[in-house]
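Each number in my numbering comes from the position in the sequence shown (counting from 1) with 223 added on. First the structure, in the form of structure tokens, and then the observations on it.
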Amino acid sequence: MKRKFNLSVENPIENLRDKEMENINCNIKLQKEVEVEAAEDSCSCCSSNSELSQRLSSIGSTNGKSDLEDLKIIEKIERKENKEAKILILVGLTLTIPLVILELLEFYNLVGDSFILGFILLLLATPVQILLGRPFYKRFYDSIRKRKNFTVDALVVLSTSVAYGYSVIALLTNQDIRFFEASASVMTIFTIGEFVESKVLRTTSESIKSLVALKPQKTIVIRDNGKQETITIENLKVNDIFIVKPGENIATDGIVTLGETSIDESMITGESIPVEKRVKDKVIGGTINKNGYVHVKATSVGSQTVLASIIELVSKAKTNKPSIQKIADRCAKYFIPIVFSIAIISSLYWLLVVQAPIQFSVTVFATILVVSCPCALGIATPMVISLAIGKAAKQGIIVKGGIYLERLASVDTVVFDKTGTLTKGKPEVTNVIPSSGFDEHHLLQMAASTEIKSEHPIARAIVKKANERKISLFEVNEFNTMTGHGIIAKYNQKQILITSPRSNTQNTPKINENSISRFKSKIPIEFEQRITDLESEGKTVVTIFVEGNFIGIIAVADMIREDALSIVKKIRSMGKKVILLSGDNERTTLAIAQQIGIVDIFSEMLPQQKVEKIKYLQEKENRVVAMIGDGINDAPALIQADVGIAIGSGTDVAKEAGHIILIKNNLSDISFILQLSAFSLKKIKQNLTISFAYNSITIPIAAGILFGSTNSLILTPALAALGWVVSDSLVFGNSLLLRKFKI
């Protein structure tokens, strides 16, 4: 038995009130501020690439430079950072490999004087500790200065410092056990891990370069005096009229003012068939003009364009460290005190209880700290996140941060909006039925003249139908949108109301009781049955009143997407609950739901009621919810959901509210990203398990748990290094399985 809210209907021909829009924008702004704070608090892992990150974030923004200039700077930074990283890795490998080999030779007594060998090892290990360790020491110092919790950097610094310092003292006091190869190995492998992580930003900048390449650098504008002038894109202003010739990329978002053409929008929308454009049609900057000569009036420039929004999304896609990445830092917060406690207790046990020599106790202390920092921890998460987000990008899916991959993997409920999500979002008029005394021509004329100021898809469908029939429209005044109820306007002092037959105007706060009474005329009985029949077919019906008198109905239908049925089946096969939330009437919503196999439906819901429903699912049923929608009306629900998935690339919702953006508008991509997120989280957890399994085995051995049966510590530096190699290899191999991921 499905449960529904007993709520008043959301009329399909209304826009959000200004107050609601302000609330939506405030919610979006608050969400962004929280995410920025979280990102800033957790991005220590990205500090080695901070300059590159800042430059990437500036792409598409108004910063006084062109994107081309920023890209040149990015390329320069990339070359510099890439060169420095490669040099450090080369230095690390060049010095660490022979260092490990010499330690192994010493372990098997294949070398001569151990004291001389010790100084050779010192000469090899010191440059690694200083050069490769510098960024780790800097971040560790900054975290201490800012009184932040211990992170993985603290593990690296403390373990390598103890290993290196102990080895120097052991060398000077002629002790046999040294850990030079341990400190060098940790530094080298973690440096390689950071280089792998930095590839994320370099991959991102390559994507941005290809997007920026869509933008022409210059365009021809027509001045008020009729003269043509060639200007750079940066000097293009809103309301400028510019020329687009066949084969050219459109300079910026705008509206066609002259001419007809077909536009290739595939790089933005994924639509392979060129879209016909005529006067008053919108065009997107960066798309390709195929064959016509048109004049376009700029409506958005710079960072406000669709292409700039996509560039911004790509540039910021990987700046949020996911909470699964924070697992390593959270573990470090508790792990470091625990390891120090184990090291101190073990050392004191051997010194005071067993009465072992002090050198032995110090060796136990140092060995525990050395093995406490598995190198696999440094690459366990960033490598998976890098590969997963890159895999999604190739599929045409932008993930704003790795955190959303983790959340998506835990989703057990998928909520769909109807219009524009499961349907094509382009309704067409199917029935025009006037009452007695009116004909279709006058009914359409009255409705279209009233609706022409509305941006709602159904309003546009009615206006389009009137234009197709070449019906002349008149200008109305006192146009007013009643949120959730309809549109009211005046023509020749006569009030016109367009509303849903299910709307209750007594609950409308925007008109008084005297006005209400004028629109209380009952719908004729014969029309009641027609409305019921049309709605049972999945059509949306609007009723038209003039001065309180019913003059007819118009039915509109929105076609279901071809892939809607298959994606619903796929999601349900994953064991996830599928829910449909719609502002449309129950009959229409039910008709659509039945065709695509959704059982749980909630109809006649206002935007805020969608939010309340998602809250109910989260708080009362403890569900993890993904909301899939498009358009401004879905913004509050997208924000409230654990993961908001926005359909389309050109809306404010895609830029602000959606956590994941399906650029190609393919519903099948939902299945892809759901399975990719689950697979990625599985790999991250496996990597962390491998990493900490190493600790679980080596720390007790380092503490001397097997000393009684072997009469030695067993865990020699050489064996510790071998353990690192094995654990690192397992993590690398496990992560690389993402490259073969398919659905």
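From the three backbone atoms N, C-alpha and C, an ideal C-beta is built for every residue, glycine too. The structure presented is a predicted model; accordingly, all values stated were derived computationally and were not measured.
Problem - Nonlocal neighbours in the same chain, by C-beta distance under 8 angstroms from I478, ignoring five residues either side - result: Within the same chain, K503, D504, K505, V506, V519, K520, T522 come within 8 angstroms of I478 by CB-CB distance, once the 5 residues on both sides are set aside.
Handout entry: Residue from R368, I464, K441 whose Cα sits closest to the Cα of I454
Key = I454 has its Cα closest to that of K441, out of R368, I464, K441.
Problem - Alpha-carbon spacing of N889 relative to G798, whole angstroms - result: In this structure, the alpha-carbon of N889 lies about 21 angstroms from that of G798.
Practice task
Can you grab the Cα-Cα spacing for the pair D476 / V524, in whole Å?
Solution key: Straight-line Cα distance between these residues: approximately 7 angstroms.
Exercise for the section: Determine the direct distance from the alpha carbon of S826 to that of E842, and round the result to whole angstroms. Expected result: Distance between E842 and S826, taken at the CA atoms: about 21 angstroms.
Practice task
For the alpha helix (DSSP H) containing V607, list its first residue and its last residue.
Solution key: Unbroken alpha helix (DSSP H) run through V607: 605 to 617.
Handout entry: I853 in three-state terms, based on DSSP
Key = Note that residue 853 corresponds to Asp in the displayed sequence, not to Ile. It is coil, neither helix nor strand.
Exercise for the section: Output yes or no for whether 9 angstroms exceeds the beta carbon distance between L345 and M410. Expected result: In this structure, M410 does not lie closer than 9 angstroms to L345 by Cβ.
Problem - Helix, strand or coil at A540 according to DSSP, with G and I counted as helix - result: Residue confidence for A540 is low, a pLDDT of 45 falling below 50, so the modelled location carries little weight and cannot support an answer.
Problem - 9 angstroms Cβ cutoff met for V791 and S723 - result: Against a cut-off of 9 angstroms, the Cβ pair of S723 and V791 comes out as no contact.
Practice task
Starting from the Cα of T673, find the closest Cα among N715, S633, F413 and give me that residue.
Solution key: Ranking the options by Cα distance to T673, first place goes to N715.
Handout entry: C-alpha gap between Q831 and E452, whole angstroms
Key = Straight-line measurement puts the Cα of E452 at about 49 angstroms from the Cα of Q831.
Practice task
Would you check if the region 771 to 788 and the region 651 to 667 touch, i.e. whether three or more CB-CB distances between them fall below 8 angstroms?
Solution key: Yes: at least three Cβ pairs fall under 8 angstroms.
Practice task
Just tell me which of K513, P560, T586 has its CA closest to the CA of S570.
Solution key: Of K513, P560, T586, the residue nearest in Cα terms is T586.
Handout entry: Sub-9 angstroms separation of I318 and P350 beta-carbons
Key = With the sequence shown as reference, residue 318 is identified as Leu, and Ile is not the correct amino acid for it. Contact: yes.
Practice task
Measure the beta-carbon distance from N472 to G509 and round it to whole angstroms, keeping in mind my assumption that it falls under 8 angstroms.
Solution key: Yes, they are in contact, since the Cβ atoms of N472 and G509 sit about 6 angstroms apart, within 8 angstroms.
Practice task
Please name the residue or residues paired with G509 in a DSSP beta bridge.
Solution key: In DSSP, G509 forms no bridge with anything.
Exercise for the section: Let me know the secondary structure DSSP gives G709 once reduced to three states. Expected result: The DSSP-derived three-state label of G709 is strand.
Problem - A864, DSSP secondary structure in three states - result: Looking at A864 - three-state DSSP - the assignment turns out to be coil, as it is neither helix nor strand.
Exercise for the section: Identify whether G315 lies in helix, strand or coil by the three-state DSSP scheme. Expected result: In the three-state DSSP reduction, G315 falls in the helix class (H, G or I).
Exercise for the section: Would you check if the region 659 to 673 and the region 692 to 699 touch, i.e. whether three or more CB-CB distances between them fall below 8 angstroms? Expected result: Two segments are said to touch when three or more pairs of C-beta atoms, one from each, lie closer than 8 angstroms; by this definition the region 692 to 699 touches the region 659 to 673.
Handout entry: First and last residue of the uninterrupted alpha helix (DSSP H) at L346
Key = Start and end: 337 to 350.
Exercise for the section: Check whether the Cβ atoms of A474 and K513 sit closer than 9 angstroms, and answer yes or no. Expected result: It is not a contact, given that the beta carbons lie outside the stated cut-off.
Handout entry: Cross-strand partners of A869 (DSSP beta bridge)
Key = Under the DSSP definition of a beta bridge, A869 partners with G852, I884.
Problem - DSSP three-state assignment for K963, whether helix, strand or coil - result: Collapsing the DSSP output to three states places K963 in a helix.
Handout entry: Nearest neighbour of L481, chosen from G956, F465, E488, G660 [CA to CA]
Key = That would be F465, whose Cα lies nearest to the Cα of L481.
Practice task
Keeping to the same chain, check which residues put their C-beta closer than 7 angstroms to that of D463; ignore five residues upstream and five downstream.
Solution key: Once the five neighbours on either side are set aside, the close Cβ partners of D463 are V444, A521.
Handout entry: Residue range of the unbroken beta strand (DSSP E) whose run includes N690
Key = Not the beta strand (DSSP E): N690 falls in the alpha helix (DSSP H), residues 680 to 691.
Exercise for the section: Below 8 angstroms CB to CB, which residues in the same chain sit around L459 once its five sequence neighbours on both sides are set aside? Expected result: Closer than 8 angstroms at Cβ, skipping near neighbours: T442, V444, F465, A474, T475, A521, V524.
Problem - Straight-line Cα distance separating V954 from L899 - result: If you take the alpha carbons of L899 and V954, they lie about 18 angstroms apart.
Problem - Cβ neighbours of A611 in the same chain (closer than 7 angstroms, five flanking residues each side left out) - result: Taken in chain order, the residues that qualify are L628, L899, S903, L961.
Exercise for the section: Taking A787 as the reference, give the member of I767, G761, I815 with the closest Cα. Expected result: Looking at the Cα atoms, I815 is the closest of the given residues.
Exercise for the section: Would you tell me roughly how many angstroms separate the C-alpha atoms of N703 and I719, rounded to the nearest one? Expected result: A direct Cα-Cα distance of roughly 11 angstroms separates N703 from I719.
Problem - V444, DSSP secondary structure in three states - result: The DSSP-derived three-state label of V444 is strand.
Exercise for the section: Would you kindly report the start and end of the unbroken beta strand (DSSP E) that includes N772? Expected result: Here the beta strand (DSSP E) through N772 covers 772 to 780.
Handout entry: For L481: DSSP bridge partner residues
Key = For L481, which the question treats as bridged, DSSP gives the partners H518.
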